[in-house]
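Protein chains: 2
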Amino acid sequence: MNNSMLTVASCQVELAVGDIAANRRSVRSAISEAVDGGAQVVVLPELANTGYMFADLDELRNLAEPVDGPTVSEWVALAAEHDLIIVGGFAEAGADGEVFNSAVLVDASGVRACYRKAHLWNTEKDDLFTPGTGRPPVVDTAVGRLGVMVCYDLEFPEWVRTAALEGAELLCCPVNWPLYPAPEGERPIEVVKVQAAAATNRMFVVAADRAGRERGQDWLGGSVIVDADGFPLTSLGLGVAGMHLATIDLSDARNKTISELNDVHGDRRPELYFEAERRARGSAH
Amino acid sequence: MNNSMLTVASCQVELAVGDIAANRRSVRSAISEAVDGGAQVVVLPELANTGYMFADLDELRNLAEPVDGPTVSEWVALAAEHDLIIVGGFAEAGADGEVFNSAVLVDASGVRACYRKAHLWNTEKDDLFTPGTGRPPVVDTAVGRLGVMVCYDLEFPEWVRTAALEGAELLCCPVNWPLYPAPEGERPIEVVKVQAAAATNRMFVVAADRAGRERGQDWLGGSVIVDADGFPLTSLGLGVAGMHLATIDLSDARNKTISELNDVHGDRRPELYFEAERRARGSAH
Numbered sequence: 002m003n004n005s006m007l008t009v010a011s012c013q014v015e016l017a018v019g020d021i022a023a024n025r026r027s028v029r030s031a032i033s034e035a036v037d038g039g040a041q042v043v044v045l046p047e048l049a050n051t052g053y054m055f056a057d058l059d060e061l062r063n064l065a066e067p068v069d070g071p072t073v074s075e076w077v078a079l080a081a082e083h084d085l086i087i088v089g090g091f092a093e094a095g096a097d098g099e100v101f102n103s104a105v106l107v108d109a110s111g112v113r114a115c116y117r118k119a120h121l122w123n124t125e126k127d128d129l130f131t132p133g134t135g136r137p138p139v140v141d142t143a144v145g146r147l148g149v150m151v152c153y154d155l156e157f158p159e160w161v162r163t164a165a166l167e168g169a170e171l172l173c174c175p176v177n178w179p180l181y182p183a184p185e186g187e188r189p190i191e192v193v194k195v196q197a198a199a200a201t202n203r204m205f206v207v208a209a210d211r212a213g214r215e216r217g218q219d220w221l222g223g224s225v226i227v228d229a230d231g232f233p234l235t236s237l238g239l240g241v242a243g244m245h246l247a248t249i250d251l252s253d254a255r256n257k258t259i260s261e262l263n264d265v266h267g268d269r270r271p272e273l274y275f276e277a278e279r280r281a282r283g284s285a286h
Numbered sequence: 002m003n004n005s006m007l008t009v010a011s012c013q014v015e016l017a018v019g020d021i022a023a024n025r026r027s028v029r030s031a032i033s034e035a036v037d038g039g040a041q042v043v044v045l046p047e048l049a050n051t052g053y054m055f056a057d058l059d060e061l062r063n064l065a066e067p068v069d070g071p072t073v074s075e076w077v078a079l080a081a082e083h084d085l086i087i088v089g090g091f092a093e094a095g096a097d098g099e100v101f102n103s104a105v106l107v108d109a110s111g112v113r114a115c116y117r118k119a120h121l122w123n124t125e126k127d128d129l130f131t132p133g134t135g136r137p138p139v140v141d142t143a144v145g146r147l148g149v150m151v152c153y154d155l156e157f158p159e160w161v162r163t164a165a166l167e168g169a170e171l172l173c174c175p176v177n178w179p180l181y182p183a184p185e186g187e188r189p190i191e192v193v194k195v196q197a198a199a200a201t202n203r204m205f206v207v208a209a210d211r212a213g214r215e216r217g218q219d220w221l222g223g224s225v226i227v228d229a230d231g232f233p234l235t236s237l238g239l240g241v242a243g244m245h246l247a248t249i250d251l252s253d254a255r256n257k258t259i260s261e262l263n264d265v266h267g268d269r270r271p272e273l274y275f276e277a278e279r280r281a282r283g284s285a286h
């Protein structure tokens with residue numbers, strides 16, 4: 002048996018802002034479907050406890066939970082029951098009234114990492130969420146090294162790179178992609194960016210998106226599992242609630258070579274980037 | 002008249018390693034076709050003077066030319082004759098016998114920039130080319146701010162970002178993409194990376210690739226002109242020699258906003274990347 006093989010599920014669910022009980026049921030049901038499909042790693046959308054389209058900070062604050070609250074505790078219990086790894090997004094109540102757009106990685110032993118989204122999207126900035134300042138976690142799990150980031154974070158290649166350089170073999174990304182029109186015949190650009198993120202680092206990437214509509218906002222439903230060459234392993238059932246499931250060989254992500262003499266990480270020229278970044282910042286750090 | 006409008010040509014030509022005279026004729030003919038099409042900026046492939054599949058350093062060294070040699074001088078003359086900007090790759094003879102995989106940007110006034118490829122591909126490393134150490138140039142031209150990099154450079158988002166942060170509105174990339182199989186129905190991953198590079202920075206990107214076969218090496222022929230949203234403006238006539246032509250509005254690349262509150266450059270968290278890069282380097286710079 003090749004112990005680098007791994008079955009991953011991306012759960013594209015419908016959620017309803019504010020209805021914590023219904024969201025918890027939807028997520029439980031999605032996890033159950035993933036277990037039935039043989040999944041060892043289950044990725045849930047961003048803000049899977051609360052939904053997304055908050056009216057204001059008061060509404061958000063009333064829905065947010067600490068990391069040891071009922072939503073994440075339920076995920077830990079399900080992870081223990083089914084020997085799963087679950088990565089999911091939730092609205093995290095901070096200690097001083099602030100709220101973070103967070104994602105946890107949990108396994109049978111409990112919460113292995115809690116990450117706070119560093120790049121906030123649109124109205125998230127508008128007195129709702131406090132941006133994170135920590136790097137994306139990369140966790141050694143029983144099935145491989147898993148990284149975590151949230152939605153718009155993925156669109157910053159520097160951020161993806163930090164997780165990849167820490168050795169992430171599979172990057173797990175809860176997302177909520179709003180539906181924007183793409184030209185006829187074109188893939189959503191969010192998916193293109195995921196493909197590039199994967200290929201640029203020879204790393205698997207799974208994005209778990211939302212389906213449906215919420216307070217007038219349509220969700221793209223662009224969930225995808227991408228291989229280390231950058232190609233989707235699951236077909237894009239855009240917009241449709243359902244599960245994406247793929248069995249991957251993580252050893253592909255441990256091999257960064259792309260020709261006899263090329264290595265996607267070894268070929269970097271950090272001394273040049275570092276200097277460029279320093280100049281761009283105009284600082285003498 | 003909107004003076005941010007610009008017609009760009011990507012010339013996907015066949016070249017023959019070692020036959021400088023034939024290559025020069027092919028390139029002249031391609032430039033002439035671009036002029037007939039109304040192009041104001043013409044992008045040529047990587048190593049457009051020499052071809053690519055060198056037997057050894059001796060062969061390469063015998064073919065390389067200084068930046069004021071006949072190939073680049075001819076491009077300057079054509080740029081002056083037709084009031085063009087030409088970006089093209091050439092094997093550059095250095096002062097001390099080293100050879101660089103370079104690209105120039107020339108206009109009617111002469112050579113505006115000469116860039117030496119910083120990320121070398123496969124056998125280029127193998128005693129052929131010396132890697133560059135300079136950043137990708139971004140040149141203020143009569144038609145807009147144009148950046149230049151070469152082929153594999155494009156696959157390093159950090160490098161693309163340096164040009165974008167310097168204000169490149171159109172990134173001009175001579176490339177020689179070897180043909181690798183992609184899964185049925187999938188775009189070549191090189192093109193996907195170009196799309197992501199463009200969308201991530203809201204910048205137009207043009208790649209001028211090779212067509213045909215050379216000493217047993219098939220070329221992808223994946224030339225493309227991509228808009229600031231990351232979508233191709235020209236259809237991919239994979240592998241076929243010919244010209245890609247598009248008229249673009251550079252003002253799209255001057256607007257980095259992608260939502261009411263988001264800006265692809267303004268949303269960066271360089272203080273976090275900088276720290277991550279410093280840790281990755283293990284240095285105290």
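Top line first, the protein sequences correspond to chains A and B.
Each residue of the first sequence is one higher than the one before, counting from 2 in the working numbering.
Each residue of the second sequence is one higher than the one before, counting from 2 in the working numbering.
Note that beta-carbon positions come from the ideal geometry of N, C-alpha and C, so glycine has one too.
With a threshold of 8 Å on Cβ separation, who are the neighbours of residue i within its own chain once the five nearest residues in sequence on each side are excluded?
i, result
"valine 144 of chain B", "Leu7, Gln41, Val42, Ile86, Leu251"
"isoleucine 259 of chain A", "Arg203, Val265"
"leucine 147 of chain B", "Val42, Ile86, Val88, Leu106, Val139, Val140, Ala169, Glu170, Leu171, Leu172, Cys173"
"threonine 163 of chain B", "Arg136, Pro137"
Under 8 Å between beta-carbons, which chain A residues line up against residue i? List them in chain order, please.
i, result
"leucine 7 of chain B", "Those do not exist, as leucine 7 of chain B stays about 20 Å from chain A at its closest Cβ, beyond 8 Å."
"valine 193 of chain B", "Val193, Gln196, Ala197, Ala200, Gly231"
"leucine 124 of chain B", "The sequence given here places threonine at residue 124 of chain B; leucine does not occur at that position. The answer, in chain order, is Glu261, Leu262."
"aspartate 210 of chain B", "Correct list: empty, because the minimum Cβ distance to chain A is about 17 Å."
So residue i contacts chain A; which residues on that side make the cut at Cβ distance below 7 Å?
i, result
"phenylalanine 205 of chain B", "Chain A residues near phenylalanine 205 of chain B: none, gap ~14 Å exceeds 7 Å."
Cβ closer than 9 Å: which chain B residues qualify as neighbours of residue i?
i, result
"isoleucine 190 of chain A", "Gln196, Ala197, Ala200, Asp230, Gly231, Phe232"
"aspartate 20 of chain A", "Per Cβ cutoff of 9 Å: no residues; aspartate 20 of chain A is ~26 Å from chain B at best."
Ordered along the chain, which non-local residues of its own chain (more than five positions away) have a Cβ less than 7 Å from that of residue i?
i, result
"leucine 166 of chain B", "His266"
"valine 149 of chain A", "Val88, Ala104, Leu106, Ala114, Tyr116, Pro137, Pro138, Cys173"
"alanine 229 of chain B", "Ala199, Arg203, Met204, Phe205, Asp253, Ala254"
"aspartate 57 of chain B", "none"
Just how far apart, CA to CA, sit residue i and residue j?
i, j, result
"histidine 286 of chain B", "glutamine 13 of chain A", "Reliability of the predicted coordinates at histidine 286 of chain B is poor, the pLDDT of 37 falling under 50, and no value is obtained from them."
"valine 241 of chain A", "aspartate 219 of chain A", "11 Å"
"leucine 239 of chain A", "valine 206 of chain A", "17 Å"
"glycine 98 of chain B", "valine 9 of chain A", "53 Å"
"asparagine 4 of chain A", "valine 161 of chain B", "37 Å"
"methionine 2 of chain A", "aspartate 37 of chain A", "Here the model assigns methionine 2 of chain A a pLDDT of 44, short of 50, so the residue's position is not dependable, and the following value carries that caveat. One C-alpha to the other measures close to 21 Å."
"serine 284 of chain A", "proline 158 of chain B", "Residue placement at serine 284 of chain A is flagged as unreliable, the pLDDT there being 47, under the threshold of 50; the coordinate-derived value follows with that caveat. Between serine 284 of chain A and proline 158 of chain B, the C-alpha separation is close to 22 Å."
"methionine 61 of chain B", "glycine 217 of chain B", "In the sequence under discussion, the amino acid at residue 61 of chain B is leucine, which differs from the methionine named in the question. Distance between the alpha carbons of leucine 61 of chain B and glycine 217 of chain B is about 18 Å."
"proline 233 of chain B", "valine 73 of chain B", "29 Å"
"proline 182 of chain A", "glycine 52 of chain A", "22 Å"
"alanine 125 of chain A", "glutamate 272 of chain B", "Position check: residue 125 of chain A holds glutamate in this sequence, whereas alanine was assumed. So the two alpha carbons sit approximately 21 Å from each other."
"threonine 201 of chain B", "proline 71 of chain A", "37 Å"
"alanine 301 of chain B", "arginine 269 of chain A", "The shown model of chain B, from 2 to 286, leaves out residue 301 of chain B, and the question about it has no answer."
"isoleucine 21 of chain B", "proline 46 of chain A", "56 Å"
"glycine 278 of chain B", "leucine 129 of chain B", "Rather than glycine, the amino acid found at residue 278 of chain B in this sequence is glutamate. Approximately 30 Å, taken between the alpha carbons."
"asparagine 24 of chain A", "valine 225 of chain A", "21 Å"
Kindly list, in the order they appear in chain B, the residues whose Cβ is closer than 7 Å to that of residue i.
i, result
"aspartate 253 of chain A", "Chain B residues near aspartate 253 of chain A: none, gap ~14 Å exceeds 7 Å."
"glutamate 47 of chain A", "Going along chain B, no residue has its Cβ under 7 Å from glutamate 47 of chain A, so there is no contact; the nearest lies around 16 Å."
"phenylalanine 157 of chain A", "Arg269"
"proline 184 of chain A", "Phe232"
"glutamate 187 of chain A", "Phe232"
With a threshold of 6 Å on Cβ separation, who are the neighbours of residue i within its own chain once the five nearest residues in sequence on each side are excluded?
i, result
"proline 184 of chain B", "none"
"glutamate 191 of chain A", "Trp178, Gly223"
"alanine 31 of chain A", "Cys12, Val14"
"proline 132 of chain B", "Ala119, Leu121"
"glutamate 83 of chain B", "Note that residue 83 of chain B corresponds to histidine in the displayed sequence, not to glutamate. The residues are Val36."
"valine 77 of chain B", "Val107, Gly111"
"alanine 309 of chain B", "One cannot answer for residue 309 of chain B here, as it falls past the ends of chain B, which runs 2 to 286."
"leucine 246 of chain A", "Ala10, Gly38"
"methionine 54 of chain B", "Val18, Glu215, Arg216, Gln218"
Does the Cβ of residue i lie closer than 6 Å to at least one heavy atom of the ligand ADP?
i, result
"alanine 165 of chain B", "In terms of ligand content, the structure shown is empty, and the ligand ADP therefore cannot be addressed."
Give the residues of chain B in contact with residue i, contact being defined as C-beta atoms less than 8 Å apart.
i, result
"glutamate 66 of chain A", "Those within 8 Å of glutamate 66 of chain A in chain B number zero; the least Cβ separation is about 26 Å."
"threonine 134 of chain A", "Leu273"
"alanine 219 of chain A", "According to the sequence as given, residue 219 of chain A is aspartate; it is not alanine. Within chain B, no residue comes near aspartate 219 of chain A; the closest Cβ sits about 15 Å away, beyond 8 Å."
Open item on the list: Along the segment 94-121 of chain B, where does the CB come closer than 7 Å to a CB of chain A? Name the residues.
Closed with: Ala119, His120
Open item on the list: My parser needs the beta strand (DSSP E) runs of 3 or more residues fully inside the segment 136-177 of chain B; what are they?
Closed with: 139-142, 145-149, 171-175
Task: In chain order, each beta strand (DSSP E) run of at least 3 residues that lies wholly inside the segment 79-113 of chain B - done: 86-94, 100-108
Open item on the list: Any C-beta of chain A within less than 7 Å: which residues of the segment 52-63 of chain B qualify?
Closed with: none
Open item on the list: For a minimum of 3 consecutive residues, which ranges assigned as the beta strand (DSSP E) are wholly contained in the segment 218-283 of chain B?
Closed with: 225-227, 243-250
- [ ] Note down, in chain order, all residues in the segment 150-176 of chain A with a beta-carbon under 9 Å from any beta-carbon belonging to chain B.
- [x] Tyr153, Glu156, Phe157, Pro158, Glu159, Trp160, Val161, Arg162, Thr163, Leu166, Glu167
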